[in-house]
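Novice: The structure is given below, and queries will be raised subsequently.
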Amino acid sequence: MLAWFWLCLLPPSSAPGQGPATGSEGEKHRVHRIGEGVSSRPPTSTRLADQIEERESLYAELAEEFALVERLGNLVKRVATLVKPSVIHIEARKLERHHGRSEAFDEAGAGVAVKIAGQTWVLTNRHVIAGAELSEIVIRTSDGQKCHPLKVLSDPSTDVAVMQIDAAIPLAKIGDSEQADIGDFVIAIGSPFGLSHSVTFGILSARGRRDLTLGSERIELQDFFQTDAAINPGNSGGPLINLRGEVIAINTAIASSSGGSEGIGFAIPIAMAVRVAEELVKHGQLRRGYLGVTLDPEFSPAEAIRVLGSPHGALVKEVRAGSPADLARIRRGDVILEFDGAKIESDDHLVTRVGLTPINHEVPLVISRNGQRYRTVLVVTPVP
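The sequence shown lines up with residues 40 to 423 when you count with the working numbering.
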């Protein structure tokens, strides 16, 4: 090894085979140069050993961190396995008019079996089954059962529908959508592009999305969750689930320029969906609450800040005589700040809250009038 180093360090004019310069000084000089920095292995071996040690350390760190991720992955698997038997695949054959002719087409979607008013119903979206006869709606369960619904009830103002079926299917557990927070992990189960019982994973991206244009029909009462869990055509009606295995929303729509998932999906909070479903089961329709006011849609957050110092509230433009609002002495120019304990964010928010309030329910309100806050109470009545 020493001779190898010595040859490499010869001056260019020296050739192999010629001996080193004579004299003790030259020999000492060469010995000094050869011995300088000498180790038991080449420098490249030292660097390689350091790199190997560093990589092993990183692998050890990754193993520790992966253990946490693996736990999350196992939890997602368990939740999906638990809830999938409660999810159904829906195929609805519909007729559509084109150039004066009727053409048949199939629409795929999903639904989830839950308990509504003490009975088993499948909760889904109205747009999945709207326009299809009962005999043209095919339901498939995860274990291969196939049937047609016995009864279908739906509400166009919320895009909620329920179906009664004759099939043995476990019920999903309903969660508390009011407690769902932005950033929570969520799981979507549905039938994207007809691929039944597909599972995707993401987070809850936002709450309270309103005034969205979704499809050809106007959904009047909106209070959507937003999620980045992949939702595609065919996911409509399927459940959005938290990591406790509870349904917190019903997947409804996507915002997309391509027709596929782009990380912006919308779902109806389960509290809202169940409220509508209970009305459908008990009364055959959603009996919408009535306030009796016309609101100003131009009342922006900036205007609210200027007038109230807060970017919230709904401005009253008109009060109908004899309405619940009139009896509660609400006047034109009032700003409704709170309704039934909830802070009102906009006119759309108030419309949704009122529309979903049970009939004859006594509701406390907080209003702002001429810079002063007042409290009042009204009784919500059905839309006349």
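In this text, a Cβ means the ideal position worked out from N, Cα and C, and glycines have one as well.
Since the structure is predicted, the reported quantities are computational estimates derived from the model, not experimental observations.
Are T420 and Y329 close, meaning C-beta to C-beta below 8 Å?
Specialist: Cβ distance < 8 Å, so T420 and Y329 count as in contact.
Novice: Quick check on T120: buried or exposed, where buried means 16 or more other Cβ atoms within 10 Å of its Cβ?
Specialist: So T120 ends up on the exposed side.
Novice: Nearest to G284 by alpha carbon, out of N399, R257, P350 and F224?
Specialist: Taking only the C-alpha atoms, the option nearest G284 is F224.
Novice: Name the one or two DSSP bridge partners that A292 has.
Specialist: Bridge partners of A292: F305.
Novice: Measuring CA to CA, which of G361, G323, G331 and V416 is closest to L426?
Specialist: Nothing can be reported for residue 426: it is not among the residues displayed for the chain, which extend from 40 to 423.
Novice: Reducing DSSP to helix, strand and coil, say where G112 ends up.
Specialist: Of the three classes helix, strand and coil, the one that applies to G112 here is helix, per DSSP.
Novice: If G331 sits next to A343, beta carbons under 8 Å apart, how far is it from one beta carbon to the other, in whole angstroms?
Specialist: Going by Cβ atoms, the distance from G331 to A343 rounds to 22 Å, so no, they are not a contact pair.
Novice: Helix, strand or coil: which one does DSSP assign to G208?
Specialist: Checking the displayed sequence, the identity of residue 208 turns out to be Ile instead of Gly. Here I208 sits in coil by DSSP.
Novice: If I measure Cβ to Cβ from N409 and keep anything under 7 Å in the same chain, skipping five residues before and after, which residues do I get?
Specialist: None.
Novice: Beta carbon of G277, beta carbon of I221: below 8 Å?
Specialist: No, they are not a contact pair.
Novice: With the cut-off set at 8 Å, would you say I270 and S216 are in Cβ contact?
Specialist: Result no, Cβ atoms of I270 and S216 do not sit closer than 8 Å.
Novice: If you reduce the DSSP assignment to three classes, tell me which class S63 lands in.
Specialist: With a pLDDT of 47 at S63, under the threshold of 50, the modelled position of that residue is not reliable, and the figure given next carries that caveat. Residue state, collapsed to three classes: helix.
Novice: Taking 8 Å as the limit between beta carbons, can you name the residues of its chain near V320, skipping five residues before and five after?
Specialist: Counting only Cβ-Cβ distances below 8 Å, and skipping sequence neighbours, we find I155, A156, Q158, W160, L192 and V201.
Novice: Beta-carbon separation of D205 and P124 under 8 Å?
Specialist: For D205 and P124, no; Cβs fall outside 8 Å.
Novice: Give the DSSP bridge partners of F232, in chain order.
Specialist: According to DSSP, which records beta bridges pairwise, F232 is partnered with nothing at all.
Novice: Measuring alpha carbon to alpha carbon, tell me which residue in L366, V374 and I307 is nearest S339.
Specialist: Taking only the C-alpha atoms, the option nearest S339 is V374.
Novice: Here's the rule I'm using: 16 or more other beta-carbon atoms within 10 Å means buried, otherwise exposed. How should E95 be labelled?
Specialist: Exposed, because fewer than 16 other Cβ atoms sit within 10 Å of the Cβ of E95.
Novice: Evaluate the contact criterion for the stretch 133 to 151 versus the stretch 167 to 185: three or more CB pairs, one atom per stretch, below 8 Å.
Specialist: Verdict: yes, contact present.
Novice: Go to T391, then tell me how far its alpha helix (DSSP H) extends in each direction, as first and last residue.
Specialist: Element bounds for T391: D386 to G394.
Novice: How many whole angstroms separate the CB atoms of N281 and A219, which I take to be in contact at a CB cut-off of 8 Å?
Specialist: Contact flag correct, Cβ pair sits at about 7 Å.
Novice: Just verifying my parser: in three-state terms, what is the DSSP assignment at I383?
Specialist: Three-state result, I383: coil.
Novice: Quick one: is G76 buried, meaning 16 or more other Cβ sit within 10 Å of its Cβ, or exposed?
Specialist: Residue confidence is low: G76 scores 48 on pLDDT, short of 50, so the model does not pin down where it sits. Its coordinate-derived value is still stated next. Classification of G76: exposed, given that the 10 Å Cβ count is below 16.
Novice: Roughly how many whole angstroms lie between the Cα atoms of F144 and I213?
Specialist: Taking the straight line joining both Cα atoms gives about 33 Å.
Novice: From the DSSP output, in three-state form, read off R461 for me.
Specialist: As shown, the chain starts at 40 and ends at 423. That puts residue 461 outside it, with no answer to give.
Novice: Curious, which full-length beta strand (DSSP E) runs of at least 3 residues does the stretch 119 to 169 contain?
Specialist: DSSP runs (the beta strand (DSSP E)) wholly in the stretch 119 to 169: 126 to 137, 140 to 155 and 158 to 164.
Novice: What's the call for S385, buried or exposed, on a 16-neighbour Cβ count within 10 Å?
Specialist: Buried: at least 16 other Cβ atoms inside 10 Å.
Novice: Please report the Cβ distance between D387 and R257, rounded to the nearest whole angstrom; I am assuming they are in contact, meaning their Cβ atoms lie under 8 Å.
Specialist: That belief does not hold up - the Cβ atoms of D387 and R257 are roughly 12 Å apart, past 8 Å.
Novice: Taking just the CA atoms, how far does R368 sit from I242?
Specialist: For I242 and R368, the distance between alpha carbons rounds to 43 Å.
Novice: Quickly, what does DSSP pair D223 with across the bridge? List them, please.
Specialist: The partner list for D223 (beta bridge, DSSP) is empty, contrary to what the question assumes.
Novice: From what residue to what residue does the alpha helix (DSSP H) around R345 run?
Specialist: Its alpha helix (DSSP H) spans residues P340 to L347.
Novice: Give me, in chain order, the residues of the same chain whose beta-carbon lies closer than 7 Å to that of A60; leave out the 5 immediate sequence neighbours on both sides.
Specialist: Caution is warranted here: a pLDDT of 47 is assigned to A60, below 50, making its placement in the model unreliable, and no coordinate value can be reported.
Novice: Taking the straight line between their C-alpha atoms, what separation do you get for R412 and M311?
Specialist: R412 and M311: Cα-Cα distance of roughly 29 Å.
Novice: Report yes if the C-beta distance between I422 and N399 is below 8 Å; otherwise report no.
Specialist: Correcting the residue identity first, residue 422 is Val in this sequence and not Ile. No, these two residues do not count as a Cβ contact at 8 Å.
Novice: In whole angstroms, what separates the C-alpha of A268 from that of P195?
Specialist: About 25 Å.
Novice: Below 6 Å CB to CB, which residues in the same chain sit around A239 once its five sequence neighbours on both sides are set aside?
Specialist: Sequence check: residue 239 is Thr here, not Ala. Only A227, A268 and A269 meet the Cβ criterion.
Novice: Can you look up I176 in the DSSP assignment and give me helix, strand or coil?
Specialist: Strand, per DSSP.
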